[in-house]
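In our numbering, the protein residues as written are 2 to 156.
Here is the structure we will look at, set down as structure tokens.
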């Protein structure tokens with residue numbers, strides 16, 4: 002026969018184990034929620050009118066060289082877009098955001114802007130400032146999104 006002390010000890014041990022498991026699961030959920038909040042805050046900024054206009058300008062820009070672009074369109078809006086894409090690339094490279102979410106939120110804009118003119122503009126900014134690593138996370142972001150899309154279409 003089992004005495005009350007043994008039963009209460011087992012119940013207490015099981016309660017502690019269940020509490021620890023629950024706490025770990027809750028912390029994992031909280032971490033995921035925080036990562037999602039970070040990317041959604043960036044996306045909220047990305048949806049501001051001036052940024053949307055800048056992305057549209059980048060996508061539709063007609064220019065012969067980096068200097069031509071800078072004269073026709075200016076660089077401040079372009080740099081704001083690059084900074085946002087760079088932030089997203091950093092978060093993605095650090096494993097702090099999910100590639101699927103990044104693709105859903107930013108994928109089409111990154112691809113369109115990159116292929117239209119962003120790549121050339123980044124090269125011009127790097128050469129003009131003698132900083133070969135400027136906006137390197139935008140390169141990373143585009144590369145990861147491209148690879149993700151290729152893998153996604155196979156499924």
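By construction, the Cβ of each residue, glycine as well, lies at the ideal position given by its N, Cα and C atoms.
Top-ranked residue by Cα proximity to residue i, from the options
i	options	result
residue 111	60, 38, 32, 13	60
residue 116	12, 143, 66, 76	143
residue 70	44, 103, 125	125
residue 108	34, 5, 44	44
residue 94	149, 128, 145	145
residue 135	80, 31, 33	80
residue 57	33, 92, 114	114
residue 119	139, 33, 14, 89	139
residue 76	55, 92, 63	55
residue 48	13, 106, 14, 150	106
residue 68	151, 129, 147, 149	129
residue 36	150, 96, 153	96
residue 153	100, 133, 131	100
residue 52	31, 39, 78	78
residue 88	39, 50, 64	39
Neighbour-count burial assignment, residue i, 16 or more Cβ in a 10 Å radius
i	result
residue 7	exposed
residue 98	buried
residue 3	exposed
residue 28	exposed
residue 72	exposed
residue 90	buried
residue 11	exposed
residue 103	buried
residue 92	buried
residue 122	buried
residue 148	exposed
residue 15	exposed
| task | Starting from the N-terminal side, write out each stretch of the alpha helix (DSSP H) that is 4 residues or longer and does not extend beyond the region 60–137. | result | 67–74, 77–94, 100–114, 120–130
| Are the region 20–29 and the region 78–91 in contact at 8 Å, needing three or more beta carbon pairs? | no
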